[in-house]
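Participant:
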Amino acid sequence: MTETLLSIRDLSVAFHQGGETSIAVDHISFDIRRGETVALVGESGSGKSVSANSILKLLPYPAASHPSGEVFFNGKDLMKASDQELRHVRGNDITMIFQEPMTSLNPLHTIEQQIDEILELHQGIKGPAARTRTLELLNQVGIREAEKRLGAYPHQLSGGQRQRVMIAMALANRPELLIADEPTTALDVTVQAQILELLKSLKDEHGMSMLFITHDLGIVRKIADRVCVMTKGKIVEAGPTAEIFANPQHAYTRHLLASEPKGEPPPCDASKPIVIEAKDVKVWFPIKAGFLRRVVDHVKAVDGIDLTLRAGQTLGVVGESGSGKTTLGLALTRLISSKGRIAFVGKDIDAYSFGEMRPLRNRMQVVFQDPYGSLSPRMSIADIIGEGLKIHEKALTDGERDARVAAALEEVGLDPSTRWRYPHEFSGGQRQRIAIARAMVLKPQFVMLDEPTSALDMSVQAQVVDLLRDLQRKHNLAYLFISHDLKVVRALANEVIVMRMGRVVEQGPAERIFEAPSEDYTKALMAAAFNLEAVNLSAIRQ
Amino acid sequence: MSTVAYAGTPEKGWLTPIGRRRWQNFKANRRGYWSFWIFLVLFGLSLCAEFIANDKPIVASYKGELLFPVFVNYPEEKFGGFLAETDFRSDFIRDEIEANGWMVWPPIRYSYQTVNSNIPHSAPTPPFWLMSEEERCSAYPLGADDPGCMLGNMNWLGTDDQARDVTARMIYGFRISVLFGLALTIASAVIGVSAGAVQGYFGGWTDLLFQRFIEIWSSMPVLYILLIIAAILPPGFFILLGIMLLFSWVGFVGVVRAEFLRARNFEYVNAARALGVGNGTIMYRHLLPNAMVATLTFLPFILSGSITTLTSLDFLGFGMPPGSASLGEMIAQGKSNLQAPWLGLTAFFAMSIMLSLLIFVGEATRDAFDPRKTFR
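Chains as they are written, first to last, in full-length UniProt numbering: chain A, 1 to 542; chain B, 1 to 376.
#1: Looking at the secondary structure, which residues open and close the beta strand (DSSP E) in which residue 516 of chain A lies?
#2: Throw me the rounded Cβ distance for the residue 227 of chain A and residue 252 of chain A pair, which I believe falls under 8 Å.
#3: Helix, strand or coil: how does DSSP classify residue 235 of chain A here?
#4: Quick one: which residues of the region 78-101 of chain B get their C-beta closer than 7 Å to a C-beta of chain A? List them in chain order.
#5: Taking 8 Å as the threshold (beta carbon to beta carbon), is residue 30 of chain A in contact with chain B?
#6: Could you name each continuous alpha helix (DSSP H) segment of 4 residues or more that falls completely within the region 405-457 of chain A, going from the start of the chain to the end?
#7: Can you have a look at residue 21 of chain A and say buried or exposed, based on whether 16 or more other CB atoms are within 10 angstroms of its CB?
#8: Taking CB distances under 8 Å as the criterion, tell me whether residue 401 of chain A reaches chain B.
#9: Fully enclosed by the region 213-268 of chain B, which alpha helix (DSSP H) runs are 4 residues long or longer?
#10: For the region 266-276 of chain B and the region 230-241 of chain B, state whether three or more C-beta atom pairs, one from each stretch, are separated by less than 8 Å.
#11: In this structure, what does DSSP give as the bridge partners for residue 48 of chain B?
#12: Applying the 10 Å Cβ sphere with the 16-neighbour rule, what's the burial state of residue 458 of chain A?
#13: Please report the distance separating the alpha-carbon of residue 154 of chain A from that of residue 173 of chain A.
#14: Name the two residues that bound the continuous alpha helix (DSSP H) containing residue 310 of chain B.
#15: In the DSSP assignment, the alpha helix (DSSP H) including residue 255 of chain A goes from what residue to what residue?
#16: Please report the straight-line C-alpha distance between residue 10 of chain B and residue 239 of chain A, rounded to a whole angstrom.
#17: Residues of chain B with a CB under 7 Å from the CB of residue 362 of chain A: which are they?
#18: Taking the C-alpha atoms as reference points, what is the distance between residue 53 of chain B and residue 151 of chain B?
#19: Kindly indicate which three-state DSSP category residue 7 of chain B falls into: helix, strand or coil?
#20: Using a Cβ-Cβ cut-off of 6 Å (strictly less than) and excluding sequence neighbours within five positions of residue 45 of chain B, which residues of its own chain qualify?
#21: With 8 Å set as the bound, which would you pick, yes or no: does the beta-carbon of residue 365 of chain A sit closer than that to a beta-carbon of chain B?
#22: Between the beta-carbon of residue 65 of chain B and the beta-carbon of residue 73 of chain B, is there less than 8 Å?
#23: Buried or exposed: residue 208 of chain A, going by 16 or more other Cβ atoms within 10 Å of its Cβ?
#24: Against chain B, which members of the region 366-381 of chain A pass a CB distance test of less than 8 Å?
#25: Pairs of beta-carbons, one from the region 430-440 of chain A and one from the region 403-412 of chain A, closer than 8 Å: are there three or more?
#26: Using a Cβ-Cβ cut-off of 8 Å, state whether residue 28 of chain B counts as contacting chain A.
#27: Taking DSSP as the reference, what is the three-state secondary structure of residue 480 of chain A?
#28: Should residue 273 of chain B be flagged as near chain A, meaning a C-beta pair shorter than 8 Å?
#29: Check each residue of the region 257-268 of chain B: if its Cβ is closer than 7 Å to any Cβ of chain A, include it; give the result in chain order.
#30: Please check if any C-beta of chain A sits within less than 8 Å of the C-beta of residue 289 of chain B.
#31: Does residue 393 of chain A come within less than 8 Å of chain B when only Cβ atoms are used?
#32: Are the C-beta of residue 270 of chain B and some C-beta of chain A separated by less than 8 Å?
#33: Is residue 1 of chain B helix, strand or coil by DSSP?
#34: Rounded to the nearest angstrom, what separates residue 215 of chain A and residue 390 of chain A at their Cα positions?
#35: Excluding the 5 residues flanking residue 488 of chain A on each side, which residues of the same chain have their C-beta closer than 7 Å to its C-beta?
#36: Taking residue 138 of chain A as the reference, give the member of A/116, A/168, A/373 and A/131 with the closest Cα.
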């Protein structure tokens, strides 16, 4: 078991663009032994994916180059291998699983065709033999009714099923090393737990080694034998998982370990004034069919939800993707039409038109999930934040507005002198702060936060959570916090709604739901999120 | 909280960082960049056509008085004649002014409709450098010694079949072609972009009805309709512009509509909606910049297309009113006067150089706006 399978020595990667050279990976070395799982941990931009891709030379050459380094696989240097030799190793001895199961399968081929192709390419298996092997693989990765799924196209499968197919493809040739590049990041927590268990059992079964790339320390603790912590292209610390978690040496490792969202949500207080009250909110999208496009059925995105949100309180809405939590948020802020009563500070707003809503918009604000998409790339930060002021506080002079913008930036912890820059000059965390400043500058009473932390790195997440809590305390804000990340919800919300297929599964004070969930589904969700365990599968599938 | 505490200056220069990178990309396409400057210079020169080719002096001094015949219309009685408008090219006026002052002439002493009355034989006459000095001065009263037989009165590219100077007609024709093209392009861009924006942004029934209308509209045989309308209405610059505008705006709708359809659900557009920004402002400030890339890339090609259409109408005789300078009319003359190749050749080179320059500029613009384009 101690034989070294892959050995990376002194590897560097440089990217050249427009005469400038940037070093993405800077002299890293590590080993993977047979049957071992090594995790490469780091935040986005730390060079972990680039390192993994350079093992199989999958980088965009000649824009990328390797100033130094050797990659020994079974004693052979892959850096010096010819293209032909590399092609033999790729998909055969070393295989990869990528992050996005949506885009890493060819949408125009059936699953059977895609798996068969690999079998034929490397092993020359064709016809009925290939079909048998494909079925065997699909059964191995836990796709139910595999026979019926053979002819399915990728879009007919769910995200988890696609990732299972990807794993089946990676296992097809019984590789010695599996490189998994954030294989669960795009998946729901319950699916993530299942995929992790699958990978673990398959690894043991086949005696493979695994290089696991992730930013999630929880996963590392669960799955890895050894860890390499990467930052800014360097491996700053490496060692057995238990040791690193128990006794981190490097400052960055300690920073990473300390960066889980912490803190207490505001206490429940029934005496605070009600900001938003909703009764039986429904958002049904019609399904039309037939020649006359008659409505034959509805997609019930949100199906009868009641909620009350008081000033200074946070209501967390959790659920898997497709459970209707974002739709609920959009309905409450009247950005899409809905049925049922919605009252905002005592006023029934559910019948208001878009124009009638406009004077209220400054008091209800939204922060969106993707800080890269939610800021117009062609406007400076000052313009982006000042836009709402121009509409709602027309009396302000240019100087006053500028002062308000600067104050808002200061409040979210950004240097106000940067306000003439454009969004692309800021990091993801900074952009999310800008998006928060845009909402806060109008001094709202109610803010809908639609997964504001899920596109951010772990340590940045914790900072944003702290910022949001401070702002809430200071301005007595009511938050509707939508997230699939239960750790963040636990740090922020004092009341929780667990949603599933547009309906409420469980609703109540956060403490009770997190400590003693009464529904099976909630229990499964908690186990998957906090312990990365797949339990109560029947409750999840239903 | 004072404003001074947050002293920060806006970005210097009028170009945003994206704009600057695009300008760099534009410059990196050498051919397009040079074409752009050559075209600008040619267009700038043709805008000053009155100072380059005219049958009136630019400045004249007569009996101590400074005259500007290019700008002011002086009756001939001022110089002892009897016409309502002075013919500065006539021997009598010339001698009269030379005797009592001086004149500064443009390098070419013909306007686009000036008839050269001293052509050696019947029009069209060849360029002067194809004739001997004797021959080219033979129509002047004093032959080669006549003061009128000098470089400014020579026809550099010959004359057309009405003895008008081809060089002057080419300069004025170039100007009117480009101006017409620009006016048509800008007007169709304004209409087309607005229509596309509304359709793409609102979608649904608005989009559906508009799309069907555009399909019907654009299936009409444009050239025949142009010919019919041109036969009814008196021809002229603005009438032609209006008729062609009726059909040319459709070209922009598709691109802009697609861009708006794509971008209307972008998160920053949703964010603006959540801020309470009105539809008009969202379209103008958040979505239009996206669509402008496609539109600007389109512009030079639409421009050259409009120029070609005007030329072909002129060629068929349904274009500008008779007598106006036009490259299409020159091509028609070249066709009916095959013995005078300078007519066809001049029109051909003027058109092809102008259109090539515009296409090269268009290519460079397209490169400049392509975010994936990298230059090594």
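No residue lacks a Cβ here, since even glycine has one placed at the ideal position from N, Cα and C. Owing to the predicted nature of the structure, the values given are computational and were not obtained by experimental measurement.
Facilitator: For this structure:
#1: Locating residue 516 of chain A in the first sequence gives position 516, where the first residue counts as 1. That residue, residue 516 of chain A, is in no beta strand (DSSP E); it is neither H nor E in DSSP.
#2: For the purposes of this step, residue 227 of chain A is taken as the residue at position 227 of the first sequence. For the purposes of this step, residue 252 of chain A is taken as the residue at position 252 of the first sequence. Your pair residue 227 of chain A and residue 252 of chain A does not check out as a contact, with CB atoms roughly 13 Å apart and the cut at 8 Å.
#3: For this step, residue 235 of chain A is matched to residue 235 along the first sequence. Under the three-state reduction of DSSP, residue 235 of chain A is assigned to strand.
#4: The residues in question: there are none.
#5: Position 30 of the first sequence holds residue 30 of chain A. Not one chain B Cβ lies under 8 Å of residue 30 of chain A.
#6: Within the region 405-457 of chain A, the runs of alpha helix (DSSP H) that reach at least 4 residues and sit entirely inside it are, in chain order, 428-440.
#7: For the purposes of this step, residue 21 of chain A is taken as residue 21 along the first sequence, with counting starting at 1. Residue 21 of chain A is classed as exposed because its beta carbon has fewer than 16 other beta carbons within 10 Å across all chains shown.
#8: As a first step, residue 401 of chain A is located in the first sequence; it is residue number 401 there, counting from the start. With its beta carbon at least 8 Å from every one in chain B, residue 401 of chain A lies outside the interface.
#9: For the region 213-268 of chain B, the continuous alpha helix (DSSP H) assignments of 4+ residues that do not extend past its boundaries occur at 222-232, 237-248 and 250-263, in sequence order.
#10: The region 266-276 of chain B vs the region 230-241 of chain B: no contact.
#11: Counting from one through the second sequence, the residue named residue 48 of chain B turns up at place 48. Note: residue 48 of chain B sits in no beta bridge, so no partner.
#12: Against the first sequence, residue 458 of chain A aligns to sequence position 458. It counts as buried.
#13: The count along the first sequence starts at 1 and reaches residue 154 of chain A at position 154. The count along the first sequence starts at 1 and reaches residue 173 of chain A at position 173. Rounded to whole angstroms, residue 154 of chain A and residue 173 of chain A show a C-alpha spacing of 21 Å.
#14: Locating residue 310 of chain B in the second sequence gives position 310, counting from the first residue. Where residue 310 of chain B is concerned, the enclosing alpha helix (DSSP H) starts and stops at 288-316.
#15: Sequence index remark: in the first sequence, residue 255 of chain A carries index 255 (1-based). Unbroken alpha helix (DSSP H) run through residue 255 of chain A: 251-257.
#16: Numbered from 1 along the second sequence, position 10 holds the residue referred to as residue 10 of chain B. Numbered from 1 along the first sequence, position 239 holds the residue referred to as residue 239 of chain A. Bear in mind that the predicted position of residue 10 of chain B carries a pLDDT of just 49, short of 50, making it unreliable; the figure below should be weighed with that in mind. Distance from the CA of residue 10 of chain B to the CA of residue 239 of chain A, rounded to the nearest whole angstrom, comes to 49 Å.
#17: Your numbering for residue 362 of chain A matches position 362 in the first sequence. Simply 276.
#18: Counting from 1 along the second sequence, the entry for residue 53 of chain B is found at position 53. Counting from 1 along the second sequence, the entry for residue 151 of chain B is found at position 151. Whole-angstrom Cα-Cα distance: 13 Å.
#19: Taking the first residue of the second sequence as position 1, residue 7 of chain B is located at position 7. Model confidence at residue 7 of chain B stands at a pLDDT of 44, short of 50, so the residue's coordinates are unreliable; what they give is reported in the following sentence. Here DSSP, grouped into helix, strand and coil, assigns residue 7 of chain B to coil.
#20: Stepping through the second sequence from its first residue, residue 45 of chain B is reached at position 45. Answer for residue 45 of chain B: no residue qualifies.
#21: By one-based count along the first sequence, residue 365 of chain A stands at place 365. Chain B contact via Cβ: present.
#22: As a working mapping, residue 65 of chain B is identified with position 65 in the second sequence. As a working mapping, residue 73 of chain B is identified with position 73 in the second sequence. No.
#23: To locate residue 208 of chain A, count along the first sequence from 1; it is residue 208. Buried, because 16 or more other Cβ atoms sit within 10 Å of the Cβ of residue 208 of chain A.
#24: Against chain B - using a Cβ distance shorter than 8 Å - the residues of the region 366-381 of chain A are 366, 368, 369, 370, 373, 374, 375, 376, 377, 378, 379 and 380.
#25: The region 430-440 of chain A is in contact with the region 403-412 of chain A.
#26: Within the second sequence, residue 28 of chain B is the residue found at index 28, counting from 1. Not closer than 8 Å to any Cβ of chain A, the Cβ of residue 28 of chain B fails to qualify, so no.
#27: If you number the first sequence from 1, residue 480 of chain A lands on position 480. Residue 480 of chain A: strand per DSSP, three-state reduction.
#28: Reading the second sequence from its first residue, position 273 is the one you call residue 273 of chain B. For residue 273 of chain B, the answer is yes, since a Cβ of chain A falls inside 8 Å of its Cβ.
#29: Taking a C-beta cut-off of 7 Å against chain A, the contacting residues of the region 257-268 of chain B are 266, 267 and 268, listed in chain order.
#30: On the second sequence, position 289 is the one that residue 289 of chain B refers to. Residue 289 of chain B counts as touching chain A.
#31: The residue given as residue 393 of chain A occupies position 393 in the first sequence. It does not: the Cβ of residue 393 of chain A has no partner Cβ on chain B nearer than 8 Å.
#32: The residue labelled residue 270 of chain B in the question sits at position 270 within the second sequence. Residue contact check for residue 270 of chain B against chain A: a CB pair falls below 8 Å.
#33: Residue 1 of chain B sits at position 1 when you count from the first residue of the second sequence. With a pLDDT of only 37 at residue 1 of chain B, under the threshold of 50, the placement of this residue in the model should not be trusted, and no figure is reported.
#34: Locating residue 215 of chain A in the first sequence gives position 215, where the first residue counts as 1. Locating residue 390 of chain A in the first sequence gives position 390, where the first residue counts as 1. Spanning the two alpha carbons is a distance of roughly 40 Å.
#35: Indexing the first sequence from 1 puts residue 488 of chain A at position 488. 261, 453, 461 and 465.
#36: The count along the first sequence starts at 1 and reaches residue 138 of chain A at position 138. It is A/168.
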